[in-house]
Structure formats: structure tokens, C-alpha cells
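What follows is one structure encoded as C-alpha cells, with my remarks underneath.
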């Protein structure tokens with residue numbers, strides 16, 4: 315354990331480390347032909363938004379889900395985003411082991427908070443953890459639909475594998491809506507509060 | 315819980331709308347010379363991570379803070395990221411009005427969840443809201459430090475204005491650590507759990 | 315008013331300010347799915363070229379139109395490119411007020427020249443101003459067609475709104491040609507002057 | 315005036331051709347280490363703005379200079395931006411020959427307008443042509459200064475060669491101001507018209 | 315001739331020069347609508363891979379072909395990638411003259427090695443040289459197919475001209491396979507060695 | 315083994331697979347702050363060029379080294395570029411196992427050619443293999459120097475680790491020249507062959 319000053323430095327070190335996720339690509343999209351795919355941070359952001367929405371629909375705790383979603387890929391600062399095909403060739407330590415290293419120098423309250431959320435997510439035993447994972451998969455499906463609207467014609471396998479992994483009814487219904495929908499529908503949504511006032 | 319079909323479509327429409335934040339730039343960095351700055355989604359992701367850490371240090375609720383951070387710039391799908399200088403020339407509706415439009419077609423449970431969090435954040439009256447805003451400012455400061463390490467020499471005003479806006483002691487101490495620190499320190503952190511095992 | 319040395323510094327300050335337009339995106343394209351859209355500078359360049367061509371076709375002054383086109387979005391260094399949907403939520407000062415600030419420290423001859431052209435453009439009372447605005451809209455339509463050829467399938471609303479805004483017969487006929495045409499037709503144009511010689 | 319249908323198609327073909335300049339890089343910056351340099355369109359836009367300012371300072375016609383600046387690199391759709399070192403190895407047809415091919419299918423009024431401006435610019439015999447070329451060189455110098463502020467430390471040769479090529483006193487004084495100045499000075503300019511009102 | 319220390323400096327100078335090819339675009343793709351096309355280095359890499367495969371199929375020396383492919387566009391540090399249409403307007407020195415300048419300060423063994431390979435490639439008189447050029451053309455065809463899968467609908471002329479230039483039967487059969495194939499087929503290839511073990 | 319038509323399809327499938335290396339980043343640079351680093355293809359290209367130069371200096375076979383360099387990272391289509399820190403957490407199959415899968419459907423002559431070169435490289439028992447690995451390390455060092463000239467101030471660890479791994483005297487002397495040198499020195503090299511003629 316470190317003294318208080320070291321704790322703060324340790325927390326800052328982890329914040330800098332997380333900056334890698336703004337630069338690191340979701341590598342699977344390289345296969346689909348995307349030269350500069352979304353970053354892991356971008357995926358995690360919308361996963362957290364989707365997660366809190368799904369939680370509200372499924373009667374889970376939106377804040378807890380949102381927090382787990384923010385953390386769900388943070389290990390990728392150290393192991394990057396391993397694409398599906400790589401699993402034939404690579405064996406990885408559990409995510410909880412990576413997180414343990416990442417927060418080792420953080421203040422105990424920070425380390426405990428993050429460790430508990432990652433542990434809960436990885437165990438997949440609470441409704442919140444299940445909803446958070448569904449958010450991860452649904453976000454991937456939606457991004458695949460968006461890449462298709464941007465011209466990439468090789469995204470069907472991402473849609474199919476994401477759709478198949480969904481566990482909650484709300485996520486499955488949202489996936490159906492995504493596949494039936496149109497990314498720009500919101501631009502023609504009914505007149506706004508502001509306009510009405 | 316809701317199972318109206320239109321509700322699900324409305325939720326999906328908002329998820330597509332949020333996709334804009336993966337593409338939309340944090341516009342302030344254009345002034346600092348960055349051609350392709352971080353996206354709003356990238357900023358929001360790390361803000362949420364910083365927020366939960368700050369919450370743990372300040373005795374606030376990390377999950378609630380994390381959720382508010384995820385939402386804090388979601389209005390920018392509709393108004394973009396207005397840079398500081400633009401405030402001389404533009405008058406904007408309150409963020410709560412934008413959020414009201416964004417969630418109008420969502421299932422009530424979703425709309426209520428998001429509205430409550432945005433309203434709390436904008437009011438700045440709870441510890442969680444204050445911590446979430448500190449996370450927003452601290453994240454900007456850290457990004458400025460990182461851009462300086464990437465060669466951009468015109469970031470001091472972002473550091474200064476972010477530092478001056480911090481309210482909590484933990485955020486202030488983290489800012490000091492950021493300014494004294496080094497983005498790559500974590501690469502030489504002590505041997506890992508895995509290596510020890 | 316400033317002395318001569320200050321004038322030159324003021325002019326240089328405005329030139330640096332205009333550099334933002336090389337980095338700042340035409341934000342509307344973020345909605346259409348474009349991660350890194352054209353810059354405002356790129357749009358303004360071709361608008362000026364289109365403007366001088368339209369002027370020649372409509373019997374207006376090509377040089378004057380070209381100059382107004384170069385200036386028509388220069389205010390966006392300070393207010394960025396406000397997308398259409400944002401107008402529900404934002405109220406902006408007139409462009410002439412922004413220009414007044416931008417040229418306040420320039421030599422009087424420079425300030426007067428720019429102010430006069432911006433004022434004429436914003437008033438939309440001369441043929442040159444009308445042609446310049448048509449060039450702005452037509453350039454947007456052509457860019458939409460090009461993005462469609464690059465794979466983006468959500469550009470129809472930009473085509474429709476641009477087409478509807480055109481005032482001159484020449485711009486309308488050019489828009490029809492754009493919609494019927496092909497961006498690469500010029501590569502197979504008849505043998506060149508040089509080859510014939 | 316022309317109303318031949320082929321003419322309009324020809325004009326549109328040239329407008330599509332000019333779209334290449336939004337994508338084509340100013341190749342010299344590749345040597346300075348810039349992976350994705352400014353486009354030719356971006357350079358041409360600010361050249362036109364600088365040109366009208368220089369014209370106002372030198373007593374030349376700002377509109378005419380602006381128009382020549384917009385056109386000064388349009389030949390590069392067909393020959394790209396040949397970097398300085400390539401001139402050891404390449405011999406190029408005159409720009410007027412390229413322009414002749416580009417406008418051959420345009421309406422005569424368009425072709426005549428563009429041809430006259432390019433011819434005047436290439437001949438370098440009028441004050442407007444000299445000012446337009448100074449704008450081209452000064453814009454390059456300013457961009458070099460900006461790239462240096464963005465971290466690129468190998469731009470001195472672009473500054474030196476651009477500075478040496480300047481002919482007018484105003485351009486030389488602006489170059490001195492650029493080298494003494496700071497790209498962000500405008501952000502702290504005195505309070506605006508709007509704020510005062 | 316230079317002394318030993320100068321030789322090493324000369325070799326290093328050429329290695330730095332080759333770094334330009336990582337930044338320099340294959341300019342032809344700008345016409346097809348690609349804002350940030352592959353670099354010359356990227357094209358050359360896969361050309362070398364294709365070349366060694368073609369060599370194995372045609373009974374040529376794979377290593378020799380691979381080496382010629384690596385070198386085949388290295389002159390473009392100095393003359394950039396001249397697009398097809400530019401040949402109407404530009405006359406270029408032979409590639410061997412550019413190479414001679416590039417290696418003039420290298421150690422004699424290096425200069426001789428590179429000169430011999432470039433000379434052999436340019437003469438197109440050996441099977442290895444013919445196979446290397448076929449690799450260049452086939453790589454372009456494959457990239458065109460990939461860009462089409464990424465949404466760009468204007469690549470047919472690159473496919474046609476590349477296909478027409480192929481000389482060897484193996485390259486022609488590979489081109490047919492490329493046009494009939496699918497860039498992602500490998501992701502569903504039969505179970506791997508590793509999985510079987 | 316497959317029939318002839320299947321062989322060609324298998325070869326084409328591998329060529330498409332290699333296209334991933336044009337899009338996949340050298341992930342280590344994300345840590346150094348580079349948002350869009352060089353691709354694996356770009357690194358491999360210059361590695362092959364450096365390799366043939368080193369081979370000439372060390373008396374090895376330049377063509378064989380060049381071929382091994384082209385192949386040395388081709389496994390990364392399936393496992394991506396695993397950064398150094400990830401080795402704490404990941405265990406990977408040997409590269410030869412990945413290559414075996416990649417070429418399994420290729421014509422036997424192709425499969426044998428590639429397998430032999432990869433096997434030789436991985437064994438590191440021939441002079442050519444040692445020189446090829448030195449080329450890999452030296453290329454990384456040179457890229458680090460170039461990124462430093464582009465503003466990234468956190469590259470020293472890449473320079474140090476690459477320098478320490480070099481085995482041949484020529485590579486060590488070239489590394490010293492790189493650290494003493496300047497990426498743009500070649501632009502002011504003595505007058506060219508062409509100029510002299």
C-alpha cells in the first residue's frame with residue numbers, strides 16, 4: 315500500500331492509461347474493411363448509454379449497469395481488443411487479473427469500487443451484469459448497421475453473432491428495431507418541446 | 315416496464331442519434347491545431363471513468379456519477395459542441411429541453427431515468443452532480459496534457475480553465491498529479507499479479 | 315484604431331483565425347455517417363469556383379461572387395458550423411456582427427473590403443449575392459452526390475434541401491446535371507490540347 | 315450566355331473534377347512528416363482570403379485577386395501537387411494547357427472567364443497576379459508556422475522558401491508578423507461588438 | 315565515393331527518404347473518391363507478397379520477385395505517384411535515374427544491389443521482372459475490389475486497366491478469383507491447425 | 315490438398331486476408347499517443363527495404379532477407395499486433411502455426427515457399443534470418459525517431475528497446491546514424507544525375 319500522495323499519483327496513472335482507449339481501435343472492424351474504426355472508448359460510451367436504457371426497460375439498476383459498461387473493456391489498454399479469430403491462437407489471463415494490476419496503485423476506495431464492478435460483470439450472475447453484456451452486444455450490432463449505411467457491405471457476421479448473444483427480451487426487441495430502422499429517423503422526429511413553447 | 319412497439323422504436327431512434335457522438339468532434343481542439351480531435355463519445359467515456367474514481371475518493375455514489383457523466387454531453391447530437399468563444403454569439407436552450415426532445419419517444423421508464431439524471435446534473439445541487447462536473451473538467455485537463463505530449467503547444471488555456479473550474483479536493487489533487495505526471499508511467503508499473511503468480 | 319504595426323498584426327491574427335476553417339468540419343455530414351467530413355475551407359473553396367462559373371452563366375460579376383463565396387462561412391471560426399437541427403435550440407448573432415469582431419484589428423482597407431462583401435452577401439439583394447448563395451447550396455448538393463458514390467446512403471435530405479433552395483436557372487440546371495451525372499466522367503473526356511499538339 | 319444542354323453537363327463535369335482538390339494532399343508536407351496534410355482545396359481557400367486582404371493593403375482589386383487565388387492550383391486535379399524535388403525529374407505542360415482541357419466542354423462564358431483569370435495569373439504581369447502569387451506563398455508560410463505549433467519540427471525550409479518568394483511589402487510585413495505571432499492570439503482579442511451591446 | 319562513416323549516413327538518409335512512402339498516397343484513388351487512400355508503402359507491401367506467390371506459381375524466383383516488388387515504386391519519394399491522367403501533361407525521367415540519385419551516397423554494396431534490381435525490373439526482360447509487374451497490377455485490382463466492398467462505386471476502371479495489363483496465366487486466374495471472391499472468406503476457412511491439435 | 319481451381323481461390327483468399335495488414339495498426343504507438351499509427355503493412359514494407367540494405371552490408375542474400383521481412387508480421391491478420399505489455403497476460407501459438415493455417419488452401423508451391431521462409435525467420439539460425447530481424451528492430455527505431463520529429467515526445471522506450479535488440483554491426487551503426495541524423499537530409503543531397511546531364 316502507498317501513502318496518500320502515492321495513491322493520487324496511482325489514480326492519475328490509471329487515468330492516463332485509460333487514454334489509450336481513445337486511440338485504440340475496435341479491431342474487428344479492420345476485417346470488415348474499416349481503415350479507422352471506432353475506438354474502444356467510443357464503443358464503451360454508447361454501451362453505457364444503451365445499458366442504462368436496457369436496465370430501465372428490464373427493471374435493473376441503470377446506474378450500476380452504466381458503470382459496469384464503462385469498465386467492461388478497460389482491460390484492453392493492456393491486451394488490446396482481441397478479435398474473434400485470434401482466440402484460435404491466443405490464451406488470455408482473466409480480465410479480473412488485468413484489472414487487479416491496473417488499480418493496484420490506486421487509492422483503496424477506488425480500487426475496491428472498480429474491482430467489485432469488474433468482478434460482478436465478469437461473473438455474469440446478476441441481472442445488472444447480464445444487461446451490461448447485452449448492451450455490449452447490442453451496441454456492436456447497431457454499429458454494424460451504421461457501418462452498412464456508410465457503405466461497408468461485409469458486416470452481416472457482426473450483426474448475426476451479436477444478435478445471437480442477446481439474453482434479455484428488451485435487447486432482442488431493440489435489435490429487431492435496429493435492423494428495421496434508419497439511423498437518421500430522429501432528424502424528422504415530431505416537433506420539439508422548444509418549438510412547441 | 316413497457317412493451318409498446320413504438321416505445322422500442324423510439325428507444326432505438328435515440329440510440330442511433332447517440333451514434334453521432336462517435337463522429338462529432340470536441341470542437342475546442344480545432345483551435346489548438348488538432349485536425350481530427352477526440353470525439354464527444356471518447357471524452358464522455360473517460361469522464362465516466364474519472365467520475366466513478368472521484369466519487370470513490372469523495373464518498374459519493376460512483377454508479378450515479380458514472381451515469382451522469384455518460385449523459386452529460388448527450389445533448390450535443392443536436393447542438394454540437396459549442397466552443398467557448400461561440401458563447402459571445404449564441405444563446406442556447408437549456409440542456410434539459412434538448413434531453414426532453416431526445417427521450418420523448420422512448421419508453422417511459424427510459425425517459426424518466428435519463429431525464430432525472432440530466433436534471434440532477436444540470437442543477438448541480440448534489441455531491442454526485444458536482445463530482446460529475448469535476449470529472450468533465452478534469453478529463454479535459456488530462457486530454458490537454460496528452461495533446462501537449464503529442465506535440466500541440468497551444469493547450470495551456472484549456473489546462474488553466476479546467477483547473478480553475480474544479481470544486482472537489484480530490485479533483486484538484488488529481489489535476490496536480492496530471493500536471494506533474496507522465497502519460498506512459500503505467501507501462502513501467504511494478505510487476506503484475508499475473509507475473510507474480 | 316491601431317497604428318500601422320498593430321494593423322499588420324491584426325491582419326495576421328485574422329489569417330491565423332481563418333486556419334480553423336481548415337480543421338473545422340461541415341458538421342451536417344456527421345449525421346449522414348461521415349466520421350471525418352470535408353472541412354469548411356474545402357466547401358468554401360469549391361463554392362467559390364462554382365460561384366464564378368454560375369456568375370459567368372448568369373451575367374453576374376464572377377470575381378465579386380468568388381470573393382463573397384470565400385467569405386460566406388468565415389464566421390464559423392467563432393460559431394462553428396451550426397447544423398440545421400440545432401436551430402431549434404440556438405439563437406445566433408447575425409454573421410455581420412461576427413465579421414465586425416473578426417476584422418476589428420485589421421487595417422481599415424482590409425476591414426472595409428471584407429465588411430462590404432459580407433454585408434452584401436448577407437443582405438441577398440444583389441445578383442452577385444444571390445448567385446453566391448446558390449453556389450453554396452449547389453456545392454452542398456454536389457458533395458452529397460459524391461458522398462453517395464463513396465458509399466453513404468443517407469444523403470437524400472441534403473440533396474433535396476439544397477435543390478429546393480436554388481434561385482437561379484443556371485444553378486437549377488447544374489443541379490439536374492449533377493444528379494444525372496457521374497463524378498468520374500472527366501477522366502474519359504475527349505483527347506486533350508496537349509495530346510493533339 | 316449559353317443554354318446548350320451539353321454545356322451545362324460540361325460545367326458540371328468540371329465541378330466534379332474540382333472535387334478531387336478536396337481529397338488531394340499538398341504533397342510537400344509528406345516530407346515534413348505530415349501523414350494527412352491539408353488538401354489543395356484548403357490551401358486555396360485561405361490563399362483566396364489572404365489574397366483579398368493583401369489586395370486591399372496594396373491597392374489592388376480584391377475580388378480579382380480572390381478569383382485568381384481560387385483558380386491558381388485547379389490544374390492539380392490532373393497533375394497533382396508536384397513537390398519541389400520532383401522538378402529535377404519531371405517536365406510539365408504549362409498550367410494554361412491544363413486549364414484549356416478542363417474548360418473545353420464548359421459554356422463559353424465560363425470557359426472564357428476561367429481562361430482569362432488563369433492566363434493573367436500565370437503571366438504575372440498585373441499587380442493582381444503578383445498579389446495572388448504572394449498570397450499563395452504567404453499562405454504556405456503561415457501553414458508551416460501552424461504545423462510547427464502542432465509539433466512538426468521540420469518546417470523551416472518551407473518558411474524560408476516562401477518568405478524569399480514574396481514580392482510585395484505588405485506580404486513581407488505579414489510574414490514577419492506570422493513569424494512573431496501566435497495562432498491563438500485571436501481567442502483573447504478585445505471584447506466583441508456583441509458583448510458590448 | 316565516400317568513406318565508411320559517410321556510407322552509413324548515406325544509407326540512413328535513404329531509409330529516412332523511404333519513410334515518405336508511408337505517408338504518400340496512391341493518388342489514383344483520390345479520383346475514385348477516397349479521401350485517405352492506402353499509402354505507397356501499403357501497396358508495395360502486398361505487391362511483394364503477391365509477387366512471391368505468383369513466382370511460386372509461375373516457377374520464378376520468389377525472393378528475387380519479392381525484392382523487385384519492394385523497390386518498384388521507391389522512386390515515388392521524389393516524383394510522387396503520378397496518376398494516369400497526368401501523363402498527358404508530364405514527362406518524367408526514367409525510374410533508373412531517380413534510383414541512381416537515391417543510392418548515390420549509400421555503401422557500394424547497397425547501391426549495387428538496389429540498382430541491379432531496379433534495372434532488372436524496369437527492363438522487363440526476365441520472368442522475375444514480368445511476374446513482379448503482374449503483382450503490381452494484380453494488387454491494384456484487389457485493392458479496387460476491396461474499395462468497392464467499402465462502398466466506393468467508381469472503381470471499375472481500375473479493375474479493367476489492371477486486368478488488361480496482366481501477362482502471366484497465374485495472375486490472370488488470380489484476378490478472376492478476386493472478382494468472383496469475397497474479402498472475408500478466410501474468416502470462415504476450415505478449422506485451424508491449432509484447433510485440431 | 316485441393317484441385318487446381320480451389321488452389322487459386324485459396325491463394326486469392328490469402329491475398330484478401332493480407333489486406334487486413336493495410337488497415338491494422340502497429341498498436342504499440344497507441345501508447346505513445348499516436349491516434350492513427352502506421353499500418354503493419356507500412357512497417358513491413360520499409361523493414362523489407364532496410365533488410366535488403368543490411369543484407370548487402372553484411373554479406374547476406376538481400377532477396378532472401380527481403381522476402382522474410384515481407385512475411386515477418388503476416389500472422390498479424392489473425393492475432394493482430396500484440397503490444398509488449400500484453401505479453402504479461404497473453405500466451406500465443408507460434409507464428410508458424412498461424413502461417414500453416416493461412417496457407418493451407420494455397421497451391422502447394424505457394425504454401426511451401428511461404429512456410430519455408432517463415433520457418434527460417436522464426437528459427438533465427440541463418441544470417442538472413444538474423445539480418446531480417448535486425449531490419450524489423452531498426453525500422454521500429456527509425457519510425458520512433460520520425461514520430462519524435464512529428465511532435466510525439468514519448469518514444470524513447472521504443473528507441474532503447476529496438477537499439478538493444480540489434481545483433482549485426484551494420485544495424486548498430488545505422489541506428490547510431492539514425493539517432494544522429496535528420497529525416498529531411500536527403501532533400502538537400504548533392505545535385506542529381508539528371509541535373510548533371
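Residue numbers (the working numbering), protein chains in the order written: chain A, 315 to 511; chain B, 315 to 511; chain C, 315 to 511; chain D, 315 to 511; chain E, 315 to 511; chain F, 315 to 511. We put the beta carbon where it would ideally sit given N, CA and C, even for glycine.
Inter-residue spacing [alpha-carbon to alpha-carbon] between residue i and residue j
i, j, result
"residue 388 (chain C)", "residue 413 (chain C)", "8 Å"
"residue 439 (chain A)", "residue 446 (chain E)", "58 Å"
"residue 500 (chain A)", "residue 328 (chain B)", "7 Å"
"residue 495 (chain A)", "residue 405 (chain D)", "55 Å"
"residue 409 (chain B)", "residue 401 (chain B)", "15 Å"
"residue 321 (chain E)", "residue 348 (chain D)", "28 Å"
"residue 376 (chain B)", "residue 330 (chain E)", "50 Å"
"residue 434 (chain E)", "residue 372 (chain F)", "23 Å"
"residue 398 (chain C)", "residue 407 (chain C)", "16 Å"
"residue 411 (chain B)", "residue 455 (chain B)", "28 Å"
"residue 429 (chain E)", "residue 470 (chain A)", "48 Å"
"residue 497 (chain A)", "residue 458 (chain D)", "40 Å"
"residue 326 (chain E)", "residue 480 (chain F)", "15 Å"
"residue 403 (chain A)", "residue 403 (chain F)", "14 Å"
"residue 466 (chain B)", "residue 460 (chain D)", "10 Å"
Contact under 9 Å by Cβ, residue i with residue j
i, j, result
"residue 341 (chain E)", "residue 338 (chain D)", "yes"
"residue 352 (chain A)", "residue 343 (chain A)", "yes"
"residue 418 (chain A)", "residue 324 (chain A)", "yes"
"residue 437 (chain F)", "residue 379 (chain F)", "no"
"residue 350 (chain F)", "residue 350 (chain D)", "yes"
"residue 370 (chain F)", "residue 490 (chain E)", "no"
Residue span of the alpha helix (DSSP H) that contains residue i, given as start and end
i, result
"residue 429 (chain D)", "422–437"
"residue 441 (chain F)", "441–463"
"residue 473 (chain E)", "470–479"
"residue 395 (chain B)", "It is not in any alpha helix (DSSP H) - residue 395 (chain B) carries neither H nor E in the DSSP assignment."
"residue 490 (chain A)", "483–494"
"residue 385 (chain E)", "376–385"
"residue 389 (chain B)", "Neither: residue 389 (chain B) is in no alpha helix (DSSP H) and is coded neither H nor E."
"residue 412 (chain C)", "409–416"
Run of the beta strand (DSSP E) containing residue i, from where it starts to where it stops
i, result
"residue 405 (chain D)", "404–406"
Same chain, Cβ closer than 6 Å to residue i, five either side skipped, listed in chain order
i, result
"residue 360 (chain F)", "453"
"residue 362 (chain E)", "380, 383, 384"
"residue 259 (chain D)", "Limits of chain D in this structure are 315 at one end and 511 at the other, which puts residue 259 (chain D) out of reach."
"residue 443 (chain A)", "434, 435"
"residue 493 (chain F)", "none"
"residue 364 (chain D)", "449, 452, 453"
"residue 336 (chain E)", "353, 355"
Own chain, CB closer than 7 Å to residue i, minus 5 neighbours either side, in chain order
i, result
"residue 332 (chain F)", "388, 391"
"residue 477 (chain C)", "455, 489"
Cβ-based neighbour list, residue i, same chain, cut-off 8 Å, excluding 5 preceding and 5 following
i, result
"residue 395 (chain B)", "338, 339, 340, 341, 342, 354, 387"
"residue 368 (chain A)", "374, 379, 445, 448, 449, 452, 482, 484, 485, 488"
Residues bridged to residue i (per DSSP)
i, result
"residue 353 (chain C)", "C:339"
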